[in-house]
Amino acid sequence: MEKFIYEYPIKTYFGANAVQEYLAEAVKPYGKRVMLAYGGGSVKKTSVYDEICAILKAAGKEITDFSGIMPNPTYAKVQEGAKLAKENDIDFILSVGGGSVIDCCKIVSAQAKLDEDIWELEYSKGGKPSEFIPMAAIVTVTGTGAEMNNGAVITNEALQQKSPLWGTYADFVILDSEYTKSVPQKQYISGCFDTLSHCMETYLGTPQEKNNLSDDINEAVMRSVIENTRKIIANPDDSEARSELAWASSMAENGILKIGKVTDFQAHTIEHQVGAYTNCNHGMGLAVIHPVLYRHIYKDAPWKFARLATEVFGVNPDGKTEEETALEGINALEAYIKEIGLPTRFSEMGITDREVIKKTADTCILTAGCCKKLAREEILDILTECL
Ligand code: NZQ
Ligand code: ZN
455 MEKFIYEYPI KTYFGANAVQ EYLAEAVKPY GKRVMLAYGG GSVKKTSVYD
505 EICAILKAAG KEITDFSGIM PNPTYAKVQE GAKLAKENDI DFILSVGGGS
555 VIDCCKIVSA QAKLDEDIWE LEYSKGGKPS EFIPMAAIVT VTGTGAEMNN
605 GAVITNEALQ QKSPLWGTYA DFVILDSEYT KSVPQKQYIS GCFDTLSHCM
655 ETYLGTPQEK NNLSDDINEA VMRSVIENTR KIIANPDDSE ARSELAWASS
705 MAENGILKIG KVTDFQAHTI EHQVGAYTNC NHGMGLAVIH PVLYRHIYKD
755 APWKFARLAT EVFGVNPDGK TEEETALEGI NALEAYIKEI GLPTRFSEMG
805 ITDREVIKKT ADTCILTAGC CKKLAREEIL DILTECL
């Protein structure tokens with residue numbers, strides 16, 4: 455194990471009917487003026503918006519709507535939210551949605567307390583915000599685990615960068631996986647793959663030691679995601695599988711799997727930059743990148759890829775070299791992606807522009823934790839193979 459400090463500030467209410475059971479009590483400590491933040495309207499098509507408004511009103515809260523937070527939230531949307539929060543002297547932000555709404559609100563919460571531009575503060579001055587409007591999250595689509603951390607991925611359209619910013623942690627999270635039943639199936643499955651991606655990016659970070667409890671737990675989470683995604687494909691109504699996937703999604707991002715490890719997240723930083731140019735779906739972009747990236751790097755950590763193959767993808771290592779087992783595991787990963795209906799080439803997502811590929815290779819963040827330190831030329835090769 456590497457040295458670590460682990461501290462966790464988020465209270466989680468998990469399970470069916472959790473909003474009805476816990477929201478009224480959970481919002482009591484905060485002031486009257488609540489900003490209710492949500493996306494493009496799914497919460498109004500379902501009964502979620504009405505349900506939450508009724509509880510907030512009964513609790514004596516005044517509601518200011520912050521609506522229209524788009525998938526892959528933009529920096530302009532963050533600024534709009536911060537302005538609204540300042541103008542209305544907001545006491546508390548309740549974000550209701552998936553990764554996009556929650557990420558946007560983490561940064562709105564910080565920007566509303568700052569006199570300077572938060573992108574400037576974090577990227578030019580190397581600073582971090584220290585004051586926040588308290589924020590909480592009600593999750594309506596799982597997969598990103600965004601509710602469990604204080605990192606937000608924001609698209610700065612002016613700079614053509616989709617990059618992390620650090621904002622607030624949610625004070626509390628309400629996670630009722632029944633809410634996810636109205637999510638379009640393809641969107642939901644891409645979220646499931648995002649969870650698997652977070653697990654793999656954590657598991658395969660610069661592999662130093664063979665004996666690591668975080669990796670043992672991680673293997674269990676990955677097996678659970680694979681098995682329960684298959685159950686949802688067979689039966690989208692399977693509430694038990696949805697609740698398992700909801701907690702797996704949180705587990706992948708609540709820090710536990712990362713304890714004592716150097717993580718990778720190279721597939722993510724490449725995908726985020728593809729997203730900056732194309733606004734593509736996050737989980738689908740990752741599905742394309744993972745197998746191609748792994749075929750480029752597995753020889754630098756064959757034992758770890760072989761362990762992923764045997765422990766997670768059920769590859770039989772008998773009579774095979776580590777490299778052969780590792781490669782069979784990557785092939786099994788690709789077959790699984792196809793089985794669950796996600797793309798394995800960008801062209802399936804309508805991305806065919808070689809200029810986008812070149813710009814992505816030139817500008818994506820290179821991570822320190824990838825088991826092979828990649829040069830930009832190699833990222834260009836990887837992305838070209840993804841087309
Ligand atoms: O906007 P509405 O109308 O609500 O529709 C949304 C949106 O179109 C819809 N949706 C959400 N809940 C629904 C629903 N539709 C019907 N019923 C419901 N109950 O789903 C669509 C996608 O929502 P979005 O929030 O964009 O999806 P997701 O949760 O996958 O979030 C993706 C964003 O999170 C970032 C991604 O980069 C991307 O910007 N990530 C954040 C992470 C973090 N902070 O830890 C980690 C991830 O790696 C990821 O990068
Ligand atoms: Zn992700």
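Under the numbering used here, the first residue of the sequence shown carries the number 455, and numbering increases by one thereafter. Virtual Cβ for every residue (Gly too), placed ideally from N, Cα, C. None of the values given here were measured: they were computed from a predicted structure.
- Distance from the CA of Ala513 to the CA of Leu490, rounded to the nearest whole angstrom, comes to 14 Å.
- Only residues of its own chain outside the window of five on either side were considered, and among them Ile784, Leu787, Glu788 have a CB closer than 6 Å to the CB of Pro745, listed in chain order.
- Secondary structure of Lys486 (DSSP, three-state): coil.
- The C-beta separation of Ala591 from Ser549 comes to about 5 Å, placing the pair in contact by the 8 Å criterion.
- Under the three-state reduction of DSSP, Val555 is assigned to helix.
- Judged by DSSP in its simplified three-state form, Lys712 adopts helix.
- Taking a contact to require three or more Cβ pairs closer than 8 Å, the region 682-699 and the region 718-727 do not qualify as touching.
- Relative to the ligand NZQ, the beta carbon of Pro525 is positioned inside 7 Å of a heavy atom.
- For Val607, the uninterrupted beta strand (DSSP E) run begins and ends at 605-610, by DSSP.
- Put simply, the region 648-659 does not touch the region 562-575. Fewer than three CB pairs are less than 8 Å apart.
- Taking 8 Å as the cut-off, the beta carbon of Lys616 is found closer than this to the beta carbon of Asn526.
- In the DSSP assignment, no residue is bridged to Phe647.
- Those residues that bring their Cβ nearer than 6 Å to a heavy atom of the ligand ZN are Thr598, Asp648, Ser651, His652, His722, His736.
- Taking 7 Å as the cut-off, one finds no heavy atom of the ligand NZQ near enough to the beta carbon of Asp630.
- Annotated three-state conformation of Gln615 is strand, per DSSP.
- For the 8 Å CB-CB criterion, Leu834 and Arg799 do not form a contact.
- The C-beta distance from Glu456 to Val716 rounds to 7 Å, short enough to meet the 8 Å contact threshold.
- Under the three-state reduction of DSSP output, Lys635 falls in the helix class.
- For Glu673, same chain residues with a beta-carbon under 7 Å away, outside a window of 5 residues either side, are Glu765, Val766 in chain order.
- For the ligand NZQ, no non-hydrogen atom lies closer than 7 Å to the CB of Asn708.
- The criterion of a C-beta distance shorter than 8 Å is satisfied by Tyr484 and Pro588.
- In the three-state reduction of the DSSP assignment, Met455 falls in the coil class.
- At the C-beta level, Gly597 and Cys559 stay beyond 8 Å of one another.
- In this structure, Asn604 is the residue among Val532, Asn665, Asn604, Phe586 with its C-alpha nearest to the C-alpha of Asn708.
- Around the CB of Gln720, 16 or more other CB atoms lie within 10 Å, so the residue is classed as buried.
- About 4 Å separates the beta carbons of Gly823 and Asp718, which is inside the 8 Å limit, making them a contact pair.
- Relative to the non-hydrogen atoms of the ligand NZQ, the Cβ of Gly514 never comes closer than 7 Å to any of them.
- Ranking Thr775, Ala536, Glu611, Glu793 by CA distance to the CA of Ala688 puts Glu793 first.
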